[in-house]
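*Asks:* In my numbering, the protein residues as written are 925 to 1256.
A virtual CB, placed ideally from N, CA and C, is assigned to each residue, including glycine.
One structure, pasted below without further comment.
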Ligand SMILES: Cc1cc2nc3c(=O)[nH]c(=O)nc-3n(C[C@H](O)[C@H](O)[C@H](O)COP(=O)(O)O)c2cc1C
């Protein structure tokens, strides 16, 4: 059992934040697939301070997601602290996370996201200011460095620890790598050895076996999974099972995939209007279909759907067609 401060996580497998990709509809599903913690996408500190409507909607949490973490990004102490205070008082999140990894120029130009990685003193100052002002637990998600010549992972992790944060989520790529190349697990191991707070690894965990190997090689406390969970909450469940029992459970059937896809759709509809939810669900449906044979024809149909009824009917048709094909094959 893993604990961040007084927050207990039933498993060491954590859902990574992914901006514009998942929200409480999917996070809740992943929680039901045994994630120890789910992390919400980054939210702008200035958006919170200005009470921007879109930003406020991003703070939506389903109470069954707990434990969960809300992430803020910002480049200036004043607004970061003000936003953290707002989240502290007005949200039921258990953890306030600070984004120190976003590589997007629009963000780094404002001294936010990965830009912090170049300055351990700034990290200390900003994280201390947040820790001192809130009651909730504070964590940081960062990358190993800015580029190959500026890797201050150990200094940065120590700054985070002395500032009073409880854990660091460490993506093993530099800012310059964005999401390409390989994550550097050696640096992650070195950081784990250098600090006493929890270190959670992130990056290049595509299978349950990767998770086990990574935990063994780096000695970190837990694993955070991002892209491998797209349309695939089973990645979380299968990883938990594999770590606990050493047994790899089967991939889900098409019927199971389509059922969870429908559940995801209904949860989206409950927090957005139907048309917006269905449009947003199109890309998720394509992820659920990944690896399903003969999915191309259905992908095109999904991209035409505007209502729940249309989308559910395509998903049903797909499951029936694949099941019929499978039973013809097994009959002979
Ligand atoms: C589309 C997309 C959106 C992301 N949004 C966030 C975010 O809001 N906050 C954050 O800290 N990381 C964000 N990340 C980074 C992921 O959380 C994670 O660190 C990265 O994808 C590496 O993990 P993976 O290899 O398991 O996907 C995002 C990544 C992608 C691809």
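1. Would you mind reading off the limits of the beta strand (DSSP E) that contains residue 932?
2. Go ahead and label residue 964 buried or exposed: buried means 16 or more other beta carbons lie within 10 angstroms of its beta carbon, across all protein chains shown.
3. Is the region 1163-1175 touching the region 936-951 in the sense that three or more CB pairs, one from each, lie closer than 8 Å?
4. Relative to the C-alpha of residue 1113, which candidate in 967, 1056, 1099 and 1094 has its C-alpha closest?
5. Which complete beta strand (DSSP E) runs does the region 1123-1200 hold, if anything under 3 residues is left out?
6. What residue does the alpha helix (DSSP H) around residue 971 start on, and which one ends it?
7. Excluding five sequence neighbours on each side, which residues of the same chain lie with their C-beta closer than 8 Å to the C-beta of residue 1060?
8. So what's residue 1095 in DSSP terms, helix, strand or just coil?
9. Could you tell me whether the Cβ atoms of residue 1065 and residue 1117 are closer together than 8 Å?
10. Compute every distance between the C-beta of residue 1025 and the non-hydrogen atoms of ligand 1, then say whether any falls below 7 Å.
11. How is residue 1000 classed by DSSP in three states: helix, strand or coil?
12. Just reading off the alpha helix (DSSP H) that residue 1100 is part of, what are its end residues?
13. May I ask you to report which of helix, strand or coil DSSP gives residue 1012?
14. Where does the unbroken alpha helix (DSSP H) through residue 1060 begin, and where does it stop?
15. Based on the DSSP secondary-structure assignment, which residues constitute the bridge partners of residue 963?
16. Taking contact to mean 3 or more Cβ pairs, one atom from each stretch, closer than 8 Å, check whether the region 972-979 and the region 949-958 are in contact.
17. Per DSSP, which one or two residues make a beta bridge with residue 922?
18. From residue 975 to residue 1036, what distance separates their C-alpha atoms?
19. When DSSP labels each residue in this structure, what does residue 983 get in the three-state scheme?
20. Exposed or buried, residue 925, counting other C-beta atoms within 10 Å across all chains shown (16 or more means buried)?
21. Between the region 1219-1229 and the region 984-991, are three or more C-beta pairs nearer than 8 Å?
22. Between 1170, 1242, 1175 and 1232, which has its C-alpha nearest residue 1188's C-alpha?
23. Run through DSSP, which three-state label would residue 927 get?
24. From which residue to which residue does the beta strand (DSSP E) around residue 1236 run?
25. Please state whether DSSP places residue 1121 in a helix, a strand or coil.
26. Between the Cα of residue 1055 and those of 1030, 1005 and 1043, spot the shortest distance and give me the residue it belongs to.
27. Assign residue 1068 to one of three DSSP states: helix, strand, or coil.
28. May I have the straight-line CA-CA distance separating residue 1193 from residue 1218, to the nearest angstrom?
29. Across which residues does DSSP place residue 952 in a beta bridge pair?
30. Write down the C-beta distance between residue 1076 and residue 1041 rounded to the nearest angstrom, noting that I regard them as a contact closer than 8 Å.
31. For residue 1202, which three-state DSSP category applies?
32. Taking 7 Å as the line, does the beta carbon of residue 941 fall inside it for any heavy atom of ligand 1?
33. Residues in the same chain with beta-carbon distance under 7 Å from residue 1145, minus the five sequence neighbours each way, listed in chain order, please.
*Replies:* Put simply:
1. 931-933
2. buried
3. yes
4. 1094
5. 1146-1149
6. 969-973
7. 1011, 1012, 1017, 1018, 1019 and 1020
8. strand
9. no
10. yes
11. coil
12. Here residue 1100 belongs to no alpha helix (DSSP H), and DSSP marks it neither H nor E.
13. helix
14. It is not in any alpha helix (DSSP H) - residue 1060 carries neither H nor E in the DSSP assignment.
15. 993
16. no
17. As displayed, the chain neither begins before 925 nor continues past 1256, which places residue 922 out of reach and without an answer.
18. 19 Å
19. coil
20. exposed
21. no
22. 1232
23. strand
24. Per DSSP, residue 1236 belongs to no beta strand (DSSP E); it is in the alpha helix (DSSP H), 1232-1255.
25. coil
26. 1005
27. strand
28. 28 Å
29. Note: residue 952 sits in no beta bridge, so no partner.
30. 7 Å
31. helix
32. yes
33. 926, 936, 1122, 1123 and 1124
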